[in-house]
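Student:
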Amino acid sequence: MTDAALKPRLDHGHVRDLLKAMIRIRRFEDKCAELYTQEKIRGFLHLYDGEEAVAAGVIPVLAEADRIVATYREHGHALVRGLPMGEVLAEMYGKAEGSAGGRGGSMHLFSASANFYGGNAIVGGGLPLAVGLALADRMQGADAVTACFFGEGAVAEGEFHEAMNLASLWNLPVLFVCENNGYAMGTALDLSEAETDIAAKARSYDVVADVVDGMDVVAVEAATRRALAQMRETGEPHFLECRTYRFRAHSMFDAQLYRPKEEVEDWRRKGPIVRFQGWLEENGLIHAEEVAAITAELDAEIAEAVAFAEAGTDEPVETLTRHVMAEERPAPPEPAKPEKTVETTYREAVKAAIAEAMEKDERVFLMGEDVGRYGGCYAVSKGLLDRFGPDRIRDTPLSESGFTGAGIGAAMAGMRPIVEVMTVNFSLLALDQILNTAATYRHMSNNAFGVPVVIRMATGAGRQLAAQHSHSLEGWYAHIPGVRVLAPATLEDARGMLWTALQDPDPVLIFENVMLYNMAGDLAQNAGPVDIDKAAVRRAGRDITLVTYGGSLWKTLEAAAELVKDGIEAEVIDLRSLRPLDLETVFASVAKTHRALMVDEGWKTGSLAAEIGMRLAEEAFFDLDAPLARVCSAEVPIPYARHLEQAAIPQVPSIVAAARRLCGKG
Numbered sequence: 001m002t003d004a005a006l007k008p009r010l011d012h013g014h015v016r017d018l019l020k021a022m023i024r025i026r027r028f029e030d031k032c033a034e035l036y037t038q039e040k041i042r043g044f045l046h047l048y049d050g051e052e053a054v055a056a057g058v059i060p061v062l063a064e065a066d067r068i069v070a071t072y073r074e075h076g077h078a079l080v081r082g083l084p085m086g087e088v089l090a091e092m093y094g095k096a097e098g099s100a101g102g103r104g105g106s107m108h109l110f111s112a113s114a115n116f117y118g119g120n121a122i123v124g125g126g127l128p129l130a131v132g133l134a135l136a137d138r139m140q141g142a143d144a145v146t147a148c149f150f151g152e153g154a155v156a157e158g159e160f161h162e163a164m165n166l167a168s169l170w171n172l173p174v175l176f177v178c179e180n181n182g183y184a185m186g187t188a189l190d191l192s193e194a195e196t197d198i199a200a201k202a203r204s205y206d207v208v209a210d211v212v213d214g215m216d217v218v219a220v221e222a223a224t225r226r227a228l229a230q231m232r233e234t235g236e237p238h239f240l241e242c243r244t245y246r247f248r249a250h251s252m253f254d255a256q257l258y259r260p261k262e263e264v265e266d267w268r269r270k271g272p273i274v275r276f277q278g279w280l281e282e283n284g285l286i287h288a289e290e291v292a293a294i295t296a297e298l299d300a301e302i303a304e305a306v307a308f309a310e311a312g313t314d315e316p317v318e319t320l321t322r323h324v325m326a327e328e329r330p331a332p333p334e335p336a337k338p339e340k341t342v343e344t345t346y347r348e349a350v351k352a353a354i355a356e357a358m359e360k361d362e363r364v365f366l367m368g369e370d371v372g373r374y375g376g377c378y379a380v381s382k383g384l385l386d387r388f389g390p391d392r393i394r395d396t397p398l399s400e401s402g403f404t405g406a407g408i409g410a411a412m413a414g415m416r417p418i419v420e421v422m423t424v425n426f427s428l429l430a431l432d433q434i435l436n437t438a439a440t441y442r443h444m445s446n447n448a449f450g451v452p453v454v455i456r457m458a459t460g461a462g463r464q465l466a467a468q469h470s471h472s473l474e475g476w477y478a479h480i481p482g483v484r485v486l487a488p489a490t491l492e493d494a495r496g497m498l499w500t501a502l503q504d505p506d507p508v509l510i511f512e513n514v515m516l517y518n519m520a521g522d523l524a525q526n527a528g529p530v531d532i533d534k535a536a537v538r539r540a541g542r543d544i545t546l547v548t549y550g551g552s553l554w555k556t557l558e559a560a561a562e563l564v565k566d567g568i569e570a571e572v573i574d575l576r577s578l579r580p581l582d583l584e585t586v587f588a589s590v591a592k593t594h595r596a597l598m599v600d601e602g603w604k605t606g607s608l609a610a611e612i613g614m615r616l617a618e619e620a621f622f623d624l625d626a627p628l629a630r631v632c633s634a635e636v637p638i639p640y641a642r643h644l645e646q647a648a649i650p651q652v653p654s655i656v657a658a659a660r661r662l663c664g665k666g
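Numbering (the UniProt record's numbering), first residue to last: 1 to 666.
#1: Can you name the start and end residues of the alpha helix (DSSP H) that residue 274 belongs to?
#2: Check whether the Cβ atoms of residue 500 and residue 455 lie closer than 8 Å to each other.
#3: Can residue 578 and residue 430 be called in contact, C-beta distance under 8 Å?
#4: In terms of residue numbering, what span does the beta strand (DSSP E) encompassing residue 25 cover?
#5: Do the segment 373-382 and the segment 346-356 touch if we need at least three Cβ pairs shorter than 8 Å?
#6: My output table needs one value for residue 513: the three-state DSSP class, helix, strand or coil.
#7: Going straight from the alpha carbon of residue 301 to that of residue 308, what length do you get?
#8: Is the separation between the beta-carbon of residue 423 and that of residue 482 shorter than 8 Å?
#9: Using C-beta distances below 6 Å, list every residue in its chain close to residue 55, excluding the 5 sequence neighbours before and after it, in chain order.
#10: Would the beta-carbon of residue 406 fall within 8 Å of that of residue 62?
#11: What is the rounded straight-line gap between the Cα of residue 372 and the Cα of residue 165?
#12: Among 504, 520, 516, 509, whose alpha-carbon lies nearest the alpha-carbon of residue 529?
#13: If we require 3 or more residues per run, which beta strand (DSSP E) segments fall completely within the segment 567-641?
#14: Just to check my reading of the structure: residue 24 and residue 46 have Cβ atoms closer than 8 Å, yes? What is that Cβ distance to the nearest angstrom?
#15: Just the Cα atoms here: how many angstroms apart are residue 276 and residue 207?
#16: Could you tell me the alpha carbon to alpha carbon distance between residue 506 and residue 566, rounded to whole angstroms?
#17: Just to confirm, are residue 489 and residue 563 a CB contact at a threshold of 8 Å?
#18: Just to confirm, is the Cβ distance from residue 415 to residue 139 under 8 Å?
#19: Would a C-beta distance cut-off of 8 Å place residue 451 and residue 515 closer than the cut-off?
#20: Given a cut-off of 8 Å on the beta-carbon distance, is the pair residue 120 and residue 347 in contact?
#21: Can you tell me whether DSSP reads residue 183 as helix, strand or coil?
#22: Under 8 Å, do residue 541 and residue 512 count as touching if we go by C-beta distance?
#23: What does a CB cutoff of less than 6 Å around residue 466 pick up in its chain, not counting 5 residues either side in sequence?
#24: Residue 235 and residue 171 - do their beta-carbons sit closer together than 8 Å?
#25: Please identify the residue among 634, 585, 592, 380 whose C-alpha is closest to the C-alpha of residue 612.
#26: State the CB to CB distance for the pair residue 210 and residue 219, rounded to an integer number of angstroms; the pair is presumed to be in contact (CB under 8 Å).
#27: Is the beta carbon of residue 402 less than 8 Å from the beta carbon of residue 173?
#28: List the residues that DSSP assigns as beta-bridge partners of residue 116.
#29: Per DSSP, residue 149 forms a beta bridge with which residues?
#30: Enumerate in chain order the residues of its own chain whose CB-to-CB distance from residue 605 is below 7 Å, with the five nearest sequence positions on each side excluded.
#31: Roughly how many angstroms lie between the CA atoms of residue 462 and residue 642, to the nearest whole one?
#32: Return helix, strand or coil for residue 331, following the three-state DSSP convention.
#33: Would you call the CB atoms of residue 125 and residue 444 closer than 8 Å?
#34: What's the C-alpha gap between residue 472 and residue 84?
#35: Which class does residue 83 belong to by DSSP, given the choice of helix, strand or coil?
#36: Whole-angstrom Cβ separation of residue 68 and residue 115, contact assumed at under 8 Å?
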């Protein structure tokens, strides 16, 4: 590409478009500020006043196929990308006609048709997502770039560093655009960063980085053109630090006591609109009359947008829960008639499921810490690297939030990633991405974006790994709307749940109990997908219902066998799915046995067992002939010493004793 092609064309039409784009953002947001004081816009309102040159200089240079991840200060990005102003304002009003149906509000504007993946209210939260979108494009052979906007405050977040490292490590086409406005909320950059040269931080990850005057729209556009030309040639990431300034408060709640008024006024005098318009008029490229005409045209558009938002309708309360999960899902698979069985282990069953999925669907890939050359912490993926190669068996850095967010982004862009988090305790480092992105995007975007990612993790105690590797936190995740939570306990489920989960249009978390990996047994050679919606009756009985899941299933079955000696026939329910819960199967069992005991390796306080017990009390109370009871882990961090570890988690004797008491034989 010639140098001339990389420079902005400063003909009359182009400079007029640049000026109009900036004035459009400014006047729209001035109206938004007015509407906020009238309480027609509520919640947080973060205005882009002063930063218009960044959006106006970067976004028009992007191609239609390029993707955009924005921040909570994203009105300017949305408008320049082409989201209709009326839909943007209606969203800020919380109306059904808004760009996200009123579910996202000011901080969460979306458009699938514009490849606009929304604002993100979590500082730095969009960075791993952008990496994943670019990863999907790279793996699918698409010639596209993902532009990710964020403020300088995000540089302090771990996700910034994790995303920069991944993008550089994997040579991903992410255009990182740091809108450095000098203040992370109310804290000046030099008070929060030991190194204030943000571009230098990007270069430390071997990413090409440029610093540009973010108040000069021509300079921003020129830098963007150079960056994109280089990225489309090399496929590598690029970093733009646009040094700008926000004239208004962090949000409309902000009293701005942290910076002097003189500083703001000094920056206003060199603001992007004043500066560019003055230069154009001085050089005869535009005249005051034309600017007045532009302003009148924009004021008419804004008035029309206000009228559209004012006439907007409220989403009916009856549809409150719509789009939490996809309304259309594949039908549950028909179980295959078992053929010849082979002896295998739980570990090998999971591995076989991963391998089969990758053979069936080229979009499927596995990513996580040590899943490739090491073969996985629990040897689940051993040998898969040689079979499928490093592009699809993808070793990641020790950056749970970064690679989980990348998996989420890749899923949103059409891939079917299996993200392996080494242990459930480590998943807490990725909780932001799981809770705030994967679980929310479908609902928050009004069904514009789904997240069909599968996240696997080891859970449970019993291997003397002490408190930071041994907890059962699946009940926590089952608390979150927007995700499916599975706990395979049998070889059949270990083999079959993964493929069914990969067909699901929503995020699925699979918890594999560490004590099951070595479990051996017979498995049909043609074992395939299983229904992930239904609980299973693992043992029929008439006297008491024992409800459990995961690693506790086999202890519960052993306890049921022991109870026979007391003349107690226990029915054992394996929940299999912890969200959503198949309570109909539980209710049907309790209607027969009239007693219920929950066995849950989570802690008793706030446990999944407590949820099931409360639902039984609410909906099946008159079927009960005895109090509800539960056996859970002791309220302690899991200890190392084996005798203490065993005492901390449910065991067969405690299950038997609790069941005997409920049956009047204790």
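Just so you know, even glycine gets a beta-carbon here, dropped at the ideal spot from N, CA and C. Keep in mind that this is a model prediction, so the values were computed, not measured.
Tutor: Working from what's here:
#1: As a first step, residue 274 must be located in the sequence shown, where it is residue number 274. Counting along the chain, the unbroken alpha helix (DSSP H) around residue 274 starts and ends at 272-282.
#2: The count along the sequence shown starts at 1 and reaches residue 500 at position 500. The count along the sequence shown starts at 1 and reaches residue 455 at position 455. Residue 500 places its beta carbon 8 Å or farther from that of residue 455.
#3: Counted from its first residue, the sequence shown places residue 578 at position 578. Counted from its first residue, the sequence shown places residue 430 at position 430. Against a cut-off of 8 Å, the Cβ pair of residue 430 and residue 578 comes out as no contact.
#4: Stepping through the sequence shown from its first residue, residue 25 is reached at position 25. DSSP places residue 25 in no beta strand (DSSP E) but in the uninterrupted alpha helix (DSSP H) bounded by 12-37.
#5: Output reads yes: the segment 346-356 touches the segment 373-382.
#6: For the purposes of this step, residue 513 is taken as residue 513 along the sequence shown, with counting starting at 1. Here DSSP, grouped into helix, strand and coil, assigns residue 513 to strand.
#7: Within the sequence shown, numbered from 1, the residue matching residue 301 stands at position 301. Within the sequence shown, numbered from 1, the residue matching residue 308 stands at position 308. In a straight line, the C-alpha of residue 301 is about 10 Å away from that of residue 308.
#8: Counting from 1 along the sequence shown, the entry for residue 423 is found at position 423. Counting from 1 along the sequence shown, the entry for residue 482 is found at position 482. It is not a contact, given that the beta carbons lie outside the stated cut-off.
#9: The sequence position of residue 55 within the sequence shown is 55, counting from 1. Excluding sequence neighbours, residue 55 sits near 76, 77, 80.
#10: By 1-based counting over the sequence shown, the position of residue 406 is 406. By 1-based counting over the sequence shown, the position of residue 62 is 62. In this structure, residue 62 does not lie closer than 8 Å to residue 406 by Cβ.
#11: The count along the sequence shown starts at 1 and reaches residue 372 at position 372. The count along the sequence shown starts at 1 and reaches residue 165 at position 165. It is roughly 19 Å from the alpha-carbon of residue 372 to the alpha-carbon of residue 165.
#12: Against the sequence shown, residue 529 aligns to sequence position 529. Measuring from the Cα of residue 529, the nearest candidate turns out to be 504.
#13: The qualifying runs are 570-574, 577-579, 596-603, 629-633.
#14: Taking the first residue of the sequence shown as position 1, residue 24 is located at position 24. Taking the first residue of the sequence shown as position 1, residue 46 is located at position 46. The Cβ separation is near 18 Å, so there is no contact.
#15: For this step, residue 276 is matched to residue 276 along the sequence shown. For this step, residue 207 is matched to residue 207 along the sequence shown. One C-alpha to the other measures close to 30 Å.
#16: The residue given as residue 506 occupies position 506 in the sequence shown. The residue given as residue 566 occupies position 566 in the sequence shown. For residue 506 and residue 566, the gap between their C-alpha atoms comes out near 45 Å.
#17: Here residue 489 refers to the residue found at position 489 when the sequence shown is read from its first residue. Here residue 563 refers to the residue found at position 563 when the sequence shown is read from its first residue. Cβ distance not < 8 Å, so residue 489 and residue 563 don't count as in contact.
#18: Here residue 415 refers to the residue found at position 415 of the sequence shown. Here residue 139 refers to the residue found at position 139 of the sequence shown. Taking 8 Å as the Cβ cut-off, residue 415 and residue 139 qualify as a contacting pair.
#19: By 1-based counting over the sequence shown, the position of residue 451 is 451. By 1-based counting over the sequence shown, the position of residue 515 is 515. Contact: no.
#20: Counting from 1 along the sequence shown, the entry for residue 120 is found at position 120. Counting from 1 along the sequence shown, the entry for residue 347 is found at position 347. The answer is no: Cβ separation not under 8 Å.
#21: One-based indexing of the sequence shown puts residue 183 at position 183. Residue 183 carries a strand assignment under DSSP once its states are collapsed to helix, strand and coil.
#22: Position 541 of the sequence shown, counting from 1, holds the residue named residue 541. Position 512 of the sequence shown, counting from 1, holds the residue named residue 512. Their beta carbons are not under 8 Å apart, which means residue 541 does not touch residue 512 by this criterion.
#23: Locating residue 466 in the sequence shown gives position 466, where the first residue counts as 1. Contacts found: 640.
#24: Taking the sequence shown and counting its residues from 1, one reaches residue 171 at position 171. Taking the sequence shown and counting its residues from 1, one reaches residue 235 at position 235. Yes, the pair counts as a contact, with Cβ atoms nearer than the cut-off.
#25: To locate residue 612, count along the sequence shown from 1; it is residue 612. The shortest Cα separation from residue 612 among 634, 585, 592, 380 belongs to 585.
#26: Residue mapping note: residue 210 aligns to position 210 of the sequence shown, counting from 1. Residue mapping note: residue 219 aligns to position 219 of the sequence shown, counting from 1. That pair is no contact at about 10 Å.
#27: Counting from 1 along the sequence shown, the entry for residue 402 is found at position 402. Counting from 1 along the sequence shown, the entry for residue 173 is found at position 173. Taking C-beta atoms as the reference points, residue 402 and residue 173 fail to come closer than 8 Å.
#28: The residue you call residue 116 lines up with position 116 of the sequence shown. Under DSSP, residue 116 shares a beta bridge with 68, 111.
#29: Your numbering for residue 149 matches position 149 in the sequence shown. 177.
#30: Walking along the sequence shown from the start, residue 605 turns up at place 605. The beta carbon of residue 605 sits closer than 7 Å to the beta carbons of 635 from its chain, once the five residues preceding and following it are set aside; these are given in chain order.
#31: As a first step, residue 462 must be located in the sequence shown, where it is residue number 462. As a first step, residue 642 must be located in the sequence shown, where it is residue number 642. Here the C-alpha atom of residue 462 lies approximately 8 Å from the C-alpha atom of residue 642.
#32: Within the sequence shown, the letter at position 331 stands for residue 331. In the structure shown, residue 331 sits in coil (DSSP, three-state: anything other than H, G, I, E or B).
#33: Numbered from its first residue, the sequence shown carries residue 125 at position 125. Numbered from its first residue, the sequence shown carries residue 444 at position 444. No; because the gap between Cβ atoms is not below 8 Å, this pair is not in contact.
#34: To locate residue 472, count along the sequence shown from 1; it is residue 472. To locate residue 84, count along the sequence shown from 1; it is residue 84. So the alpha carbons of these two residues sit roughly 46 Å apart.
#35: Counting from 1 along the sequence shown, the entry for residue 83 is found at position 83. If DSSP states are grouped into helix, strand and coil, residue 83 belongs with coil.
#36: Looking up residue 68 in the sequence shown gives position 68. Looking up residue 115 in the sequence shown gives position 115. Indeed they touch by this definition, with Cβ atoms about 6 Å apart.
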